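Take a look at the structure below.
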Amino acid sequence: MSSMRPEHRTVDRAALARDPAHMRPLANLALAAAALVACVSPAEPGETNSPDTVLLRGWTVHIGPDLSREPELRGPVLELLEAKLREVDTRLPSEVVTRLRQVPFRMHLDRKGCPGGVYHPSAEWLADHDLDPAWAGGIEFGHARNFLSWVHTQPSFVMHELTHAWHHQVLGYDHTGLLSAYTEAKDQGIYAEVLYVHGERKPAYALNNVQEYFAEASEAWWGTNDFYPFVRAELIEHDPRLAQLLAEVWAGLPASGEEQGRAPR
C-alpha cells in the first residue's frame with residue numbers, strides 16, 4: 025500500500041502489479057457501548073489460537089497485540105466495526121451474510137505499509153512480502169486512527185472490502201457479466217469524470233479495474249459511496265446494466281449451488 029490522504033482510497037500498488045485483487049482501500053460513533061457488549065464475545069475454545077480474538081456479529085475479528093495494548097483505541101475501533109457489520113447483516117440477504125461471515129477481519133494499530141483496508145486473496149503474495157499467509161481470504165485494516173476518521177468520507181468501506189471477498193471467493197474474477205459491464209462502462213466514458221464527496225470532479229475509483237468497479241457500485245447499492253453514483257437510485261440511472269447485475273449477484277448464492285470463485289492460495 026501507499027500512504028494517501030484520508031479522503032483517498034487505500035490501494036496496495038505493489039500488490040496490484042502482481043495481483044489486481046489487492047485493493048484498498050462507518051458511521052456513527054455515538055452507537056451505544058452496550059450494543060458492543062451484546063455483540064462482541066470471546067471466540068469459542070478451539071476456534072482460534074489468538075490471545076485477542078472476538079466474535080463480532082458473527083464475524084471473527086483478530087486484534088493485533090499493538091492495538092490490544094491501546095484500550096482507548098481498541099474499544100472505539102470495535103464499536104465502529106460492529107456498527108458497519110450491523111449494516112451488512114441487516115441489509116444483505118441472510119444466506120449472503122452467512123457466507124460473508126466466513127471472512128475474518130484483522131485490526132492493527134499501525135502496520136507499516138497498510139494505512140487503510142485491504143482484502144487479501146493470495147497466501148503466496150503475503151508470504152513473498154513477509155506477512156502471514158494465514159491472512160489470505162481475510163480483510164485487514166492496518167491503521168486504527170485512520171479506520172476511525174476515514175469513515176466520514178468512506179462510510180461503506182467495510183462493505184467495500186467484503187465485496188472483494190464475495191467477488192473473489194463466490195463469483196470469481198472471470199465473471200463474464202461484470203467483465204463485460206466494466207468494459208462497456210469504460211468505453212462509454214461514464215466514469216471518466218464524476219462528482220466526489222468533497223465537491224470536485226475526478227475520475228471514478230471504479231475505473232481502476234473490474235474489482236473496484238464492482239466494489240464501488242456495491243457501496244452505492246447497499247450504502248453510500250464517496251464517488252458518484254453515491255446511492256442506489258443514482259446507480260440505477262447512471263449505470264443501469266451494472267445495477268441489474270448487482271440485483272442478480274447479490275440476491276444469494278449461485279443458483280447452481282456451486283461457488284464460481286476460488287479459495288485463497
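Under the numbering used here, the first residue of the sequence shown carries the number 25, and numbering increases by one thereafter. For each residue, glycine too, the CB sits at the ideal point set by N, CA and C. The model shown is predicted, which means the values in this text are computed figures rather than measured ones.
Next on the checklist: Determine whether the beta carbon atoms of LEU195 and VAL273 lie at a separation below 8 Å.
Outcome noted: In this structure, LEU195 sits near VAL273, with a CB-CB distance shorter than 8 Å.
Next on the checklist: As a quick exercise: from LEU105, PHE254, ARG98, pick the residue whose alpha carbon is nearest that of TYR215.
Outcome noted: Checked all of LEU105, PHE254, ARG98; the closest Cα to TYR215 is PHE254.
Checklist entry - For the putative contact between SER180 and THR114, defined by C-beta atoms under 8 Å, what is the C-beta separation to the nearest angstrom? => result Between THR114 and SER180 the Cβ distance is about 14 Å, and since that is not below 8 Å, they are no contact.
Item to check | Residues that DSSP places opposite ASP134 in a beta bridge | outcome: Answer is HIS167.
Checklist entry - Can you tell me whether DSSP reads ARG123 as helix, strand or coil? => result Of the three classes helix, strand and coil, the one that applies to ARG123 here is helix, per DSSP.
Item to check | N- and C-terminal bounds of the beta strand (DSSP E) containing HIS86 | outcome: Run containing HIS86: 83-87, per the beta strand (DSSP E) assignment.
Checklist entry - Can you tell me whether DSSP reads PRO248 as helix, strand or coil? => result One point to set straight first is that residue 248 is Thr, not Pro, in the sequence displayed. DSSP places THR248 in coil when its eight states are reduced to three.
Next on the checklist: Pop quiz: GLY191 and GLN235 are said to be a contact at Cβ under 8 Å. What is the actual Cβ separation, rounded to whole angstroms?
Outcome noted: At residue 191 the sequence reads His, which differs from the Gly that was named. Separation of the CB atoms of HIS191 and GLN235 is rounded to 6 Å, and the pair is thereby assigned contact status at 8 Å.
Checklist entry - Comparing alpha-carbon positions, which option in HIS176, TRP174, GLU185, GLU240 lies nearest TYR206? => result Ranking the options by Cα distance to TYR206, first place goes to GLU240.
Item to check | Beta-carbon contacts of LEU269 that lie in its chain and below 8 Å, excluding the five residues immediately before and after | outcome: GLY201, LEU202, ALA205.
Next on the checklist: I need the boundaries of the alpha helix (DSSP H) containing GLY141, first residue and last residue.
Outcome noted: From DSSP, GLY141 is part of no alpha helix (DSSP H) but of the beta strand (DSSP E) over 141-143.
Item to check | Own chain partners of LEU55 with C-beta closer than 7 Å, once the 5 adjacent residues on each side are dropped | outcome: Only weak support exists for where LEU55 lies, its pLDDT of 35 falling under 50; the value from the coordinates is given anyway. GLU103, ALA107, listed in sequence order.
Checklist entry - Considering THR77, what are the terminal residues of the beta strand (DSSP E) in which it resides? => result Note, THR77: beta strand (DSSP E), 77-80.
Checklist entry - Taking Cβ to Cβ, would you say ALA209 is nearer than 8 Å to LEU124? => result In terms of Cβ geometry, ALA209 and LEU124 do not form a close pair [threshold 8 Å].
Checklist entry - When we look at the beta-carbon of GLU164 and count the other beta-carbons within 10 Å, is it buried (16 or more) or exposed? => result That one is buried.
Checklist entry - Going by other Cβ atoms of all chains shown within 10 Å of its Cβ, with 16 needed for buried, is SER173 buried or exposed? => result Exposed, since its Cβ has fewer than 16 Cβ neighbours within 10 Å.
Next on the checklist: Let me make sure I understand the geometry here. Which of PHE238, GLY140, TRP159 has the alpha-carbon closest to that of TRP149?
Outcome noted: Selected option, being the one with the closest Cα: TRP159.
Checklist entry - DSSP state of TYR237, grouped into three classes? => result In the three-state reduction of the DSSP assignment, TYR237 falls in the helix class.
Item to check | Beta-carbon proximity of TYR229 to GLU185, cut-off 8 Å | outcome: In this structure, GLU185 does not lie closer than 8 Å to TYR229 by Cβ.
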